[in-house]
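The structure appears right after this line, and notes come after that.
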Amino acid sequence: MHTYHEHTCFWKQDENGSKYWVRTKVNIDDHIVVPPASAINPESSNKIEDYAAELALALPFDQSRPLWELHILNVKSADAAASAIFRIHHSLGDGISIMSLFLASTRSVSNPISLPSVQPLSTEGFNSNERRAGSMYYYFSLFRWTCITIWCTLVEVGKFLLLLLGVKDSQTALKGSIGVGRLAKSISTANIGLDDMRIVKNAVGGTVNDVFLGIVSSGIRRYLQQHADKLAIHSSNNQGNHPVYGGTKEAVAARISIQDKCIDVLRIRATSLELSTMMQGGSQARWGNSIGYVLTPLCMKKHDDPLDYVRKAKETIDRKKCSLEAIFTYWSAQLILKLVGAEAAVNMSYNALVHTTLALSNMIGPLEEAMFFGNPITDIVPTVFGQPQALCIHLQSYMGKAKLVVTVAKDIIPDPDILLQHIVYSLEDMKQAACARTH
């Protein structure tokens, strides 16, 4: 039986090469994929992840119909009887749009007629005392904040422009090159405790994002140090030095310049009720891509105190919060898109981001267990393919738990599980250091 929906779009191309959306009827059967048992490796311990990684090399979407697929895998995994994989083209929306649509399609297990609850968005700004009319402190704070914003914006935008001009990260064991987005992928996941992250963030007075960036910095440093040790042994046997890693062990990481691409979604995160009415335009939430790029340097210097990685991350993120870098990159891309065309805008973004080492993303999921058409959801695992980096790290929260998702180009990073272990161990060390200070 064929099911049709009349409110979905796909794109066409006009005589000038410009693409535009077209409303169409959708045959749901064209978008549901149930792979045969032979398509799944029975000997693999990560059957679902391996199948998802193979989708990176699948044929491009048929552009004569909407650009999404739902793959249903009736294969048991460690924590689920079956799995479903949404394959969605990024042109349909940014991470929040796609996650919002998915969550709006789910219901709470405890109350099937209600949407699952999500964490409310915290607000920052001047407090009520500073907002009082005639308050000199308010005007002084506003002037000071304006000066800081202008300065930080100039500095951060200048760094982004340097990337466009060819300044790039150090060539390390994690750095890809042009064409890396078309290489075969590997996906590894690990569960970490949100409570552990909260213990660390409270110890430094930071946020979960600060802890996320801190454990990634520490984990990557450990991973590169391990590779440097192996190269040092190899170099000593061959009486030679590696161009990047040569020298003493302590100087290795201090020489390396690594930046990640953080995608800053320029929208208000809505409540579950607003998400459910997004497509009808009845809320502040809007569908589509509304993103800017934030280039964040990672701390590669060795610290004796594990919490120093989080403190350094907090300094970096606080500085980024004071800049309009994300807004600048977003509107720059929009301007180039209108003046020159989509291809020029894509080339500008690609030329900048290919010079970075990795991409980071932190997605917030429901606070309670959710179900999708009556099927309880045990895990939500996001990832993205096609980006011009060999490494992409996601942090996804769900039901008070957090999952780390590491996606790599296998030819560049053949051992993602080891990198993931270093990140997990870094969090454990930071938790121990934080607990030691409270006793």
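Each residue of the sequence shown is one higher than the one before, starting from 255 at the first, in our numbering.
Even glycine gets a Cβ: it sits at the ideal position worked out from N, Cα and C.
Consult DSSP for residue i and reduce its assignment to one of helix, strand or coil.
i, result
"ALA505", "Because ALA505 carries a pLDDT of 36, less than 50, the predicted location of this residue cannot be relied on, and no value is offered for it."
"MET625", "strand"
"ASN381", "Caution is warranted here: a pLDDT of 49 is assigned to ASN381, below 50, making its placement in the model unreliable, and no coordinate value can be reported."
"GLN641", "coil"
"THR661", "strand"
"CYS646", "strand"
"ILE666", "coil"
"MET554", "coil"
"GLY349", "helix"
"LEU313", "coil"
Can you give me the Cβ contacts of residue i inside the same chain, cut-off strictly under 8 Å, excluding the 5 residues immediately before and after it?
i, result
"LEU418", "MET602, ASN605 and ALA606"
"GLU622", "SER362, VAL363, SER364, PRO370, SER371 and MET653"
"LYS664", "LEU437, ALA438, LYS439 and SER440"
"ASN456", "ALA688"
Could you tell me which of the options sits nearest to residue i, measuring between CA atoms?
i, options, result
"ILE647", "VAL678, GLY628, ALA624 and ASP665", "VAL678"
"GLU323", "ASP284, LYS301, ALA335 and GLY349", "ASP284"
"PRO320", "ARG277, GLU297 and PHE627", "ARG277"
"GLU308", "ALA438, ALA334 and LYS429", "ALA438"
"LEU448", "GLU569, GLY347 and GLY619", "GLY619"
"PHE627", "ILE294, VAL434, PRO366 and MET353", "PRO366"
"PHE414", "ALA482, ALA687, PHE582 and ILE545", "PHE582"
"GLN373", "LYS655, SER680, ARG573 and GLN317", "LYS655"
"HIS481", "THR426, ALA444 and VAL470", "THR426"
"ASP450", "LEU681, THR692 and ALA690", "LEU681"
"MET554", "ILE571, GLN479 and SER615", "GLN479"
Please list, in chain order, all residues of the same chain as residue i whose beta carbon is under 7 Å from its beta carbon, the five residues on each side excluded.
i, result
"VAL608", "ILE432 and PRO642"
"TYR477", "ILE672, LEU673 and HIS676"
"CYS576", "ILE402, THR403 and CYS406"
Would you grab the beta carbon distance between residue i and residue j for me? Rounded to a whole angstrom, and I think it's under 8 Å.
i, j, result
"ILE326", "VAL288", "5 Å"
"VAL548", "ALA580", "5 Å"
"LEU658", "ILE446", "6 Å"
"LYS429", "THR611", "5 Å"
"ASN328", "ALA336", "5 Å"
Among the residues of its own chain, which have a CB less than 6 Å from the CB of residue i, if the five just before and after it don't count?
i, result
"LEU467", "ALA567"
"LEU578", "THR407"
If you measure between the beta carbons of residue i and residue j, is that distance less than 9 Å?
i, j, result
"MET241", "LEU649", "Since the displayed the chain opens at 255 and closes at 693, residue 241 lies outside it and no answer follows."
"GLY542", "ALA310", "no"
"VAL635", "ALA306", "yes"
"ARG565", "VAL458", "yes"
"ILE666", "LEU552", "no"
"SER442", "PRO670", "yes"
"LEU355", "GLY347", "yes"
"PRO560", "MET684", "yes"
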